[in-house]
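Below is one structure, written out as structure tokens, with a few remarks after it.
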Amino acid sequence: MGLLHSSVMAVLPLVPNPLMRRISSRYIAGETLDEALAKLAELAGRGYSGVLDILGEDVEDEAAAREVVEEYTLAARRLEDAGLDATVSVKPTHIGLRFGEELALELYRELQRRCRAMGRFLRVEMEDHTTTDATLRIFEALRKEGENVGIVLQSRLFRTLDDIDGLAPGPLSVRMVKGIYLEPASIAHTDPEPIRAAYVECTRRLFERGAYVSLATHDEALAETLLAMIREMNLGPDRYEFQVLLGVRERLWEKWKAAGHPVRVYVPFGPNWRAYSTRRLRKNPQILRHVMGDMLSFGRR
Ligand SMILES: Cc1cc2nc3c(=O)[nH]c(=O)nc-3n(C[C@H](O)[C@H](O)[C@H](O)COP(=O)(O)OP(=O)(O)OC[C@H]3O[C@@H](n4cnc5c(N)ncnc54)[C@H](O)[C@@H]3O)c2cc1C
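Counting the sequence shown from 1 gives a position; our numbering is that position plus 1239.
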């Protein structure tokens, strides 16, 4: 698979937009808010709550960052109107972090305030290690304003256990992930096993301090270990949920749901779908096989 994987990765940037859009359709709800709401409603009908994400990162200027707040506000309002159980999730560089921590804090604060007025929960996402300190500072500031805010922590980074210990006391909601960004070996685990072991250790530490943990993973073996810990610690479904990405290992979500575990599905949408979809495809060699097939048949058409 190695050679096939690297050759497909090499040609992915050349795949024309219409074909790439078709291949990506399993990972993204569409380009519009209406399509995302329809997907969330369909999932709700099947017993899944949601996370709404407007695709985007590294906005080009401050005005664009301010526009993102308006887009999320509209999305939160529409979720409210539709009566959907869905949180909103925002990347720091989508809301202007590259233009200064102060700007990002101001905009997150405004969005948090508006979300609070609508009874919505706002998740601050975590990007690569160059943003970790600022993101944690922003999160700590937001926590002081209300409980409708959570953070993401990455088990890949060596620092994460210390970060957990460094968070101020009080109610805490964390989405625990392995971390999608490939970080240098000087600051992060690079092999799957230590990343998994750190995930378990971080989750235990979070549970011990009373946090609500969103277990964002599709790693079935890891999930089994986490569920064993949950049983051992005698925790109820008010202390955890699974979070999964739209289009990824749906049979696993069904199994978890059928066993009585809460499952929340991450539903991204927006015109900036190409970068996100490329990252998803990099993670899944089986889909790459279909991509290869699609590309060959596209060429024949
Ligand atoms: C709801 C949610 C939110 C996230 N938010 C963040 C965030 O804010 N910051 C961050 O750094 N990371 C985030 N991530 C990504 C996370 O860090 C991991 O990169 C991702 O979940 C893959 O790790 P895994 O635990 O699923 O295990 P893996 O061992 O990587 O995956 C297990 C199996 O699931 C399948 N799979 C997993 N992920 C994908 C995928 N993306 N596309 C296709 N197939 C896949 C593959 O078949 C793989 O073999 C998020 C993940 C989820 C589920």
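By construction, the Cβ of each residue, glycine as well, lies at the ideal position given by its N, Cα and C atoms.
What residues in its chain sit with their C-beta under 6 angstroms from that of residue i, if we drop five residues either side in the sequence?
i: Lys1278; result: Ala1268 and Val1506
i: Ser1412; result: Gly1389 and Tyr1451
i: Asn1473; result: none
i: Arg1435; result: Leu1461
i: Gly1538; result: Residue confidence is low: Gly1538 scores 43 on pLDDT, short of 50, so the model does not pin down where it sits. Its coordinate-derived value is still stated next. Hits under 6 angstroms: none found.
i: Arg1355; result: Gly1385 and Asn1387
i: Leu1396; result: Ala1427
i: Arg1353; result: Thr1312
Quick one, which of the options has its alpha-carbon nearest residue i's?
i: Lys1330; options: Leu1361, Arg1444 and Leu1323; result: Leu1361
i: Asp1320; options: Gly1358, Ala1437 and Asp1430; result: Gly1358
i: Lys1494; options: Asp1404, Arg1285, Leu1346 and Leu1411; result: Arg1285
i: Asp1477; options: Phe1446, Ala1455 and Thr1464; result: Phe1446
i: Asn1256; options: Arg1353, Phe1508 and Arg1513; result: Arg1513
i: Glu1310; options: Ala1498, Gly1449, Asp1273 and Glu1340; result: Asp1273
i: Lys1417; options: Arg1448, Phe1378, Gly1449 and Met1365; result: Met1365
i: Thr1312; options: Asp1404, Tyr1347, Phe1397 and Pro1423; result: Tyr1347
i: Leu1323; options: Leu1276, Ala1303 and Val1308; result: Leu1276
i: Asp1367; options: Leu1421, Gly1475, Phe1397 and Glu1340; result: Leu1421
i: His1500; options: Leu1485, Arg1518 and Gly1475; result: Gly1475
i: Ile1556; options: Glu1281, Glu1301 and Ala1315; result: Residue coverage of the chain in this structure runs from 1240 to 1540, which leaves residue 1556 outside it and unanswerable.
i: Glu1432; options: Arg1448, Thr1399, Ser1394 and Gly1449; result: Ser1394
i: Arg1398; options: Phe1378, Ser1425 and Gly1409; result: Ser1425
i: Gly1449; options: Val1298, Arg1305, Glu1459 and Ala1407; result: Ala1407
i: Arg1265; options: Ala1497, Leu1485 and Glu1345; result: Leu1485
Enumerate in chain order the residues of its own chain whose CB-to-CB distance from residue i is below 8 angstroms, with the five nearest sequence positions on each side excluded.
i: Trp1492; result: Tyr1287, Phe1481, Val1483, Val1502 and Val1504
i: Ser1454; result: Ser is not the amino acid found at residue 1454; the sequence shown has Leu there. Correct list, in chain order: Met1415, Thr1442, Ala1462, Leu1465, Tyr1479, Glu1480, Phe1481 and Gln1482.
i: Ser1245; result: none
i: Gln1351; result: Leu1361, Leu1381, Glu1384, Gly1385, Asn1387 and Val1388
i: Gly1295; result: Val1307, Lys1330, His1333, Gly1509 and Asn1511
i: Glu1349; result: Val1308
Please confirm whether any heavy atom of ligand 1 lies closer than 7 angstroms to the CB of residue i.
i: Lys1237; result: Outside the shown range of the chain, which is 1240 to 1540, sits residue 1237, and nothing can be said about it.
i: Ala1455; result: yes
i: Val1439; result: no
i: Tyr1451; result: no
i: Glu1301; result: no
i: Val1483; result: yes
i: Arg1546; result: There is simply no residue 1546 to check, as the chain begins at 1240 and stops at 1540 in what is shown.
i: Met1259; result: no
i: Tyr1505; result: yes
i: Asp1458; result: yes
i: Val1298; result: no
i: Tyr1311; result: no
i: Glu1364; result: yes
i: Tyr1347; result: no
i: Gln1393; result: yes
i: Arg1398; result: no
i: Arg1414; result: yes
i: Tyr1420; result: yes
i: Val1502; result: no
In chain order, what residues of the same chain have a beta carbon less than 7 angstroms from the beta carbon of residue i, not counting five sequence neighbours either side?
i: Leu1584; result: No statement about residue 1584 is possible, as the shown extent of the chain runs from 1240 to 1540 and does not include it.
i: Pro1510; result: Glu1270
i: His1457; result: Val1483, Val1487, Arg1488 and Leu1491
i: Arg1443; result: Met1468
i: Ala1325; result: Leu1279, Ser1288, Gly1289, Val1290, Leu1291 and Leu1318
i: Asp1402; result: Leu1375 and Leu1392
i: Arg1540; result: Note that Arg1540 scores 38 on pLDDT, short of 50, meaning its location in the model is unreliable and no value can be drawn from it.
i: Met1248; result: Arg1521
i: Met1259; result: Arg1513 and Ser1516
i: Leu1253; result: none
i: Arg1518; result: Ile1419
i: Leu1251; result: Thr1517 and Leu1520
Tell me, which residues are paired with residue i by DSSP?
i: Ala1373; result: Ala1373 is not bridged to any residue.
i: Phe1481; result: Leu1454 and Val1502
i: Ser1394; result: In the DSSP output, where bridge partners are listed per residue, Ser1394 has none listed.
i: Val1298; result: Val1298 is not bridged to any residue.
i: Met1415; result: Leu1392 and Leu1454
i: Pro1507; result: Asp1292
i: Leu1361; result: Val1327 and Val1388
i: Ala1427; result: Leu1396
Distance cutoff 8 angstroms, beta carbons only. Does residue i sit that close to anything in chain C?
i: Leu1282; result: Judged by its chain identifiers, the structure shown contains no chain C, having just a single protein chain.
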